[in-house]
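**Student:**
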Amino acid sequence: MTEDCDGEEKDEETRRWSPGQGSSSRGGGSGAAASSPLKTRCVRGRVDQAPPFSGQVLENVLENVLQFLACRRDRNAASLVCRSWYRAEARTRLELFIGNCYAVSPARALGRFRCARALVLKGRPRFADFNLVPVGWGARFSPWVAAMAAAYPWLERVCLKRMTVSDADLALLARSFSSFRDLTLICCDGFGTPGLAAVAELCRNLRVLDLIDNDVEDEDEEVVDWISRFPETATRLESLSFECVNCPVNFAALEALVARSPSLRRLRVNQHVSVGQLRCLMVRTPQLTHLGTGSFETVPAADGAAELDVAELESSFVASKSLVCLSGFRMVAPEYLPAIYPVCTGLVSLNLSYAVTTAEQLKPVVLQCHNLQTFWVLDTVGDEGLRAVAKTCKHLRELRVFPFEATEDSESAVSDAGLMAISEGCQKLRSILYFCQRMTNAAVVTMSKNCQELVVFRLCIMGRHRPDHITGEPMDEGFGAIVMNCKKLTRLAVSGLLTDKVFEYIAKHGKLVRTLSVAFAGNSDLSLRYVLEGCHKLQKLEIRDSPFGDAGLLSGIHHYYNMRFLWMNSCKLSLRGCKEVAQRLPRLVVEVFGDHNKDLDSDAVEKLYLYRSLVGPRDDVPSFVKIL
Amino acid sequence: MEEGLRGGVCPQLLDLMPNKRDWIVKDDGRGGEMKASQVEVESLELRLGLPATEEEKDPSVLSLSLFYKSSKTTTTTTNNKNHHCAGSKRGFFGTFESRTEGPQQQKTSGANLKDELHQSQERKAAHEVPENASAANMNSQTRAASVPLVGWPPIRTFRKNLATGSSKLPPEPQSGDLQSKVKLENCKKGLFVKINMEGIPIGRKIDLSTYNSYEKLSLAVEEHFRDLLAAQKDPSTAETMKDEEKQVFTGLLDGTGEYSLIYEDNEGDRMLVGDVPWDMFVSTAKRLRVIRSTDLSVIRVQEQYPGKEQQQSVELY
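These protein sequence lines are chains A and B, in that order.
Take the first sequence: its letter number 433 is residue 433 in the UniProt record's numbering, and every next letter is one higher.
Take the second sequence: its letter number 259 is residue 259 in the UniProt record's numbering, and every next letter is one higher.
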């Protein structure tokens with residue numbers, strides 16, 4: 001599952017910036033190289049002594065070697081060695097990763113890397129997922145696709161996250177690149193079925209079409225039967241995911257498509273596919289490895305057939321011997337859940353986060369999933385369900401527990417007890433996202449000691465400012481233990497009642513932390529100062545509703561060039577402070593926006609988003625955004 | 001349609017709203033100093049109208065009372081404590097900017113809350129927090145103890161409708177007929193529906209359960225799309241157009257303005273918003289649209305002659 005894969009990025013930039021360096025040594029998300037004279041010493045010397053011919057040979061050899069270098073962090077380092085290496089690396093970089101689409105312009109990125117075949121582009125800040133970024137803020141794919149249509153005729157793969165992609169963009173994409181094969185859209189918006197139809201029809205070599213958590217426009221009178229647009233001949237499709245497309249698809253066309261896609265291994269359908277229809281699909285694709293089951297419910301009388309018997313459904317799963325990843329279950333009828341027993345032992349990944357199941361319904365499933373490494377579930381299974389998971393899933397690496405009722409005062413059936421159980425049973429845990437209402441420091445401390453492999457720790461106590469529900473203390477000690485004991489931690493999200501102390505801990509021990517999410521926490525600017533001064537690897541900092549003001553903001557001046565972005569909303573910032581940051585750091589783009597109806601002469605800043613950029617303020621700024 | 005407070009807890013808060021004065025202290029425990037004693041704080045909580053169906057631990061009550069307790073032990077400066085006050089205010093009344101209004105340690109927490117209440121009344125949030133952020137109003141709609149905050153808990157919207165959409169809801173206190181039960185369900189959980197505006201390709205999702213009247217909804221719609229509209233019309237003069245824009249959106253509900261708000265119900269029919277009682281609207285509306293008033297009659301014609309062409313070729317240029 002790739003939902004919100006921020007925590008899985010392994011090779012983040014580690015370039016260090018400081019305002020003191022010459023202007024040529026700054027780079028955006030794609031990692032520009034420094035071109036200061038010092039760095040070219042080696043090649044100049046060599047070229048002067050040897051005949052010019054061998055310099056060229058060297059570069060060719062270099063290119064042949066560098067093409068095997070895949071990790072972008074290594075490539076960034078290689079590009080800094082000297083001009084020759086810079087050129088060679090630029091010619092051999094195949095995948096362009098741009099973590100912030102506004103850090104660099106299409107022209108500049110494409111101008112440097114002329115041979116790229118894949119683009120990974122991220123747009124809006126993550127808090128946009130929670131409606132904190134107004135619609136129309138930006139991150140449009142249009143300028144990128146237009147530039148690439150000219151520059152990269154051989155483009156093969158595009159992966160976009162939190163961008164606005166229009167139907168026209170998709171059509172241009174489909175028309176412009178004859179070898180195009182992989183399209184992955186995550187948390188994007190702006191497109192609908194017409195765009196999908198264009199991709200289906202025109203991308204003859206399409207192998208991957210993964211639409212994950214996008215906001216797909218589904219105007220009724222514009223819904224297009226995009227599934228029918230795939231070519232009539234056998235396709236090369238390997239992966240098709242459209243769970244987020246809310247309109248019903250033409251099932252007959254889907255079935256036919258699946259039947260003529262011999263390479264299909266990953267199929268994730270939307271909730272309009274009933275369990276009976278799913279069975280038809282599974283019959284056609286017994287070689288599937290990843291399956292998204294759609295509703296997993298019978299639509300009464302819609303099929304025109306009798307209600308599906310569990311045994312029949314189970315036989316379909318028996319036949320699907322290669323399944324390792326199951327998701328979907330959007331409306332699951334609990335009586336159908338046992339149908340998946342035959343595949344449980346082989347499952348590596350199971351996503352039940354849309355399935356409202358109780359512990360009793362979950363247990364028989366989970367007790368067979370010995371090889372499970374990724375598990376997403378709803379909190380309706382309660383601590384008891386989590387105990388069952390802890391008992392069986394000894395290889396669990398990633399756990400996400402989502403709230404059934406995502407409100408502050410909801411009653412959650414999971415608590416510190418569940419967390420404690422997981423920490424004792426699943427000691428190989430690397431990533432956890434846990435929503436709850438009641439938590440204790442003791443449970444968090446226990447997890448920090450048992451799960452030493454933790455890389456991502458995100459705990460969300462939904463009621464704001466909630467302390468340890470047994471001792472009444474703030475949650476400082478728990479999170480402090482996490483940063484102290486989990487030496488590999490790179491991503492942290494804190495919640496509950498928190499004082500400045502927890503940030504002191506994070507600053508002192510969280511030396512590898514790259515992403516930090518803060519909400520309703522801290523007492524004063526000290527917190528922000530601690531973090532910005534202490535967390536040397538911090539790249540992404542997102543803060544909401546915390547009492548941090550200009551003093552805290554200014555304490556990070558030395559570090560902002562090293563970060564991808566800083567987001568703050570509903571804190572205590574003022575225009576004066578933000579302007580000062582903008583003045584002192586000319587290569588930083590400082591955007592402020594927010595509540596319109598406050599007094600116009602008020603100095604307070606509602607939302608701040610700042611990020612480094614090679615190209616200065618963007619030219620598509622909406623009226624409600626002010627760039628300082 | 002605002003019901004009285006659930007549980008029939010004190011009417012003091014209702015008095016507060018129209019008078020816009022200090023908290024009307026009718027009880028001893030109310031409006032006093034911030035005390036750590038559970039009873040006092042609990043009584044304070046109840047006075048704020050949190051509809052605790054049981055007498056003991058409503059989680060939000062717990063949070064605030066413990067919050068006060070710990071705020072005394074952990075903070076060091078008056079300013080920090082002030083901010084705790086502000087923070088606790090926000091804890092009830094949504095995300096407003098915390099403005100500490102001077103040393104408030106000695107002031108009653110009730111008075112602080114009152115100030116925040118005024119601010120909340122005077123301001124219109126740029127996002128979905130309704131301005132009627134008073135306990136009285138919100139309690140009439142929801143069992144929630146706090147005003148729904150934008151983006152908190154941090155769950156993407158397509159996960160939020162789980163509770164509403166699922167047919168396997170946990171058993172609820174049964175009272176009254178089906179309609180009130182439906183209303184209860186819709187009110188308790190978020191009810192996100194999509195809203196599109198003509199001329200703007202990207203829609204938005206709004207939570208109907210955060211509003212309790214058509215006026216509030218209309219206001220929120222205006223908030224959502226005013227910026228976009230301005231950006232599309234004339235970005236350079238958008239700043240100065242604020243007043244005009246306000247006028248653009250008036251008359252949203254009665255067909256007199258430039259734009260009208262319509263909705264599609266669960267049967268697919270399109271109707272003008274405002275005809276049916278609010279609760280019925282909330283339970284049947286599936287999506288909303290803002291269209292030009294001149295198009296209203298066009299839509300009616302289209303409905304009479306449903307010859308929609310589904311097989312369009314992809315002509316995107």
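C-beta atoms are modelled at their ideal positions from N, C-alpha and C, and glycine is treated no differently.
Since this is a predicted model, take the numbers as computed values, not measurements.
1. Tell me which residues of the region 449–464 of chain A have at least one Cβ-Cβ distance to chain B shorter than 8 Å, keeping chain order.
2. Could you compute how far the alpha carbon of Glu473/A sits from the alpha carbon of Leu498/A?
3. Is residue 630/A near Arg207/A, with beta carbons less than 8 Å apart?
4. Under the three-state reduction of DSSP, which class applies to Tyr505/A: helix, strand or coil?
5. Taking 8 Å as the threshold (C-beta atoms), are Leu628/A and Ala582/A in contact?
6. If I follow the unbroken beta strand (DSSP E) through Cys159/A, where does it start and stop?
7. Does the beta carbon of Glu59/A come closer than 8 Å to any beta carbon on chain B?
8. Using beta-carbon positions only, say whether Asp409/A and Thr440/A come within less than 8 Å of one another.
9. For a cutoff of 8 Å on Cβ pairs, would you count Phe281/B as touching chain A?
10. Since I believe Leu454/A is in contact with Leu429/A (beta carbons under 8 Å), could you give me their beta-carbon distance rounded to a whole number of angstroms?
11. The alpha helix (DSSP H) that contains Lys363/A, what's its start and end?
12. Taking Ser327/A as the reference, give the member of His370/A, Val245/A, Leu362/A and Arg268/A with the closest Cα.
13. Rounded to whole angstroms, what's the CA-CA distance from residue 326/B to Gly496/A? Just pull it up for me.
14. Quick one: Cα of Leu347/A to Cα of Leu372/A, how far?
15. What is the DSSP secondary structure of Arg544/A, reduced to helix, strand or coil?
16. Are Leu254/A and Ile227/A closer than 8 Å when you measure CB to CB?
17. Between which two residues does the beta strand (DSSP E) harbouring Ala604/A extend?
18. Among Cys187/A, Lys487/A and Asn64/A, which has the Cα closest to the Cα of Lys449/A?
19. Can you name the residues that DSSP bridges to Gly398/A?
20. What three-state label does DSSP hand Pro622/A in the structure shown?
21. Count the other C-beta atoms from every protein chain shown that fall within 10 angstroms of the C-beta of Ile470/A, then say buried if there are 16 or more, exposed otherwise.
22. Who are the near neighbours of Glu244/B in its chain, counting only those whose CB is closer than 6 Å to its CB and skipping five residues on each side?
23. Which term fits Asp619/A, buried or exposed, when burial requires 16 or more other beta carbons within 10 angstroms of its beta carbon?
24. Does the beta carbon of Leu386/A come closer than 8 Å to any beta carbon on chain B?
25. Are residue 629/A and Asp182/A touching if we call contact CB-CB under 8 Å?
26. Since Gly151/B meets chain A, which of its residues come closer than 7 Å, beta carbon to beta carbon?
27. What separation, rounded to the nearest whole angstrom, lies between the Cα atoms of Met568/A and Phe317/A?
28. By the criterion of Cβ-Cβ separation under 8 Å, what are the contact partners of Lys160/B in chain A?
29. Measuring straight from C-alpha to C-alpha, what distance separates Asp476/A and Tyr86/A?
30. Tell me the rounded alpha-carbon separation between Gln38/B and Arg466/A.
31. Could you check which residue in Thr92/A, Ala390/A and Asp379/A has the C-alpha nearest to that of Cys369/A?
32. Using beta carbons (cut-off 8 Å, strictly below), is Pro154/B in contact with chain A?
33. Here's a check: name, in chain order, each residue in its chain whose Cβ is nearer than 8 Å to the Cβ of Leu310/A, leaving out the five neighbours to either side.
34. List in chain order: all unbroken alpha helix (DSSP H) runs of 4+ residues lying wholly within the UniProt domain "COI1 F-box" (56–93) of chain A.
35. Of all the options Ser315/A, Thr233/A and Val332/A, which has the alpha carbon lying nearest to the alpha carbon of Ser274/A?
36. Which ranges does the beta strand (DSSP E) cover as unbroken runs of at least 3 residues, wholly within the region 248–327 of chain A, from first to last along the chain?
**Tutor:** Straight from the coordinates:
1. So the list reads Cys460, Met462, Gly463 and Arg464, given in the order they occur along the chain.
2. Taking the straight line joining both Cα atoms gives about 9 Å.
3. One cannot answer for residue 630/A here, as it falls past the ends of chain A, which runs 1 to 628.
4. It is helical.
5. Between Ala582/A and Leu628/A, the C-beta gap is smaller than 8 Å, which places the two residues in contact.
6. Boundaries of the beta strand (DSSP E) harbouring Cys159/A: Arg157 to Lys161, taken from the DSSP string.
7. No, Glu59/A lies away from the interface with chain B (no Cβ there is under 8 Å from its Cβ).
8. Their beta carbons are not under 8 Å apart, which means Asp409/A does not touch Thr440/A by this criterion.
9. Phe281/B is outside the set of residues whose beta carbon lies under 8 Å from a beta carbon in chain A.
10. That belief holds up - the Cβ atoms of Leu429/A and Leu454/A are roughly 6 Å apart, short of 8 Å.
11. Annotation: the continuous alpha helix (DSSP H) that includes Lys363/A extends over Ala359 to Val366.
12. Measuring from the Cα of Ser327/A, the nearest candidate turns out to be Arg268/A.
13. This structure cannot speak to residue 326/B, because chain B is shown only from 1 to 317.
14. One alpha carbon belongs to Leu347/A, the other to Leu372/A, and they sit about 6 Å apart.
15. In this structure, DSSP gives Arg544/A an extended state, which the three-state scheme calls strand.
16. The answer is yes: Cβ separation under 8 Å.
17. Its beta strand (DSSP E) spans residues Ala604 to Arg612.
18. It is Lys487/A whose Cα lies nearest to the Cα of Lys449/A.
19. The sequence shown places Glu at residue 398/A, not Gly. Per DSSP, Thr374/A and Ser431/A.
20. DSSP places Pro622/A in coil when its eight states are reduced to three.
21. With fewer than 16 Cβ atoms within 10 Å of its Cβ, Ile470/A is classed as exposed.
22. Its pLDDT being 47, under 50, Glu244/B is placed unreliably by the model, and nothing is read from it.
23. The residue is exposed, with fewer than 16 neighbouring Cβ atoms inside 10 Å.
24. Answer no: the Cβ-Cβ gap between Leu386/A and chain B never drops below 8 Å.
25. This structure gives no information on residue 629/A, because the portion of chain A shown stretches from 1 to 628.
26. The contact set of Gly151/B on chain A, defined by CB atoms closer than 7 Å, consists of Phe127, Phe130, Asn131 and Leu132 in chain order.
27. Straight-line Cα distance between these residues: approximately 48 Å.
28. Under the 8 Å cutoff, chain A gives Ala406.
29. Our two residues, Asp476/A and Tyr86/A, have alpha carbons roughly 46 Å apart in a direct line.
30. With a pLDDT of only 47 at Gln38/B, under the threshold of 50, the placement of this residue in the model should not be trusted; the figure read from the coordinates follows. Roughly 16 Å separates the two Cα atoms.
31. Nearest C-alpha to Cys369/A: Ala390/A.
32. It does; some Cβ of chain A falls within 8 Å.
33. Before going on, a small fix: residue 310/A reads as Val here, not Leu. Sequence-distant Cβ neighbours of Val310/A in its own chain, meaning closer than 8 Å and more than five residues away, are Glu335, Tyr336, Pro338 and Ala339.
34. Runs found: 72–79 and 83–92.
35. For Ser274/A, the closest alpha carbon among the candidates Ser315/A, Thr233/A and Val332/A is that of Val332/A.
36. DSSP runs (the beta strand (DSSP E)) wholly in the region 248–327 of chain A: 266–269, 290–293 and 325–327.
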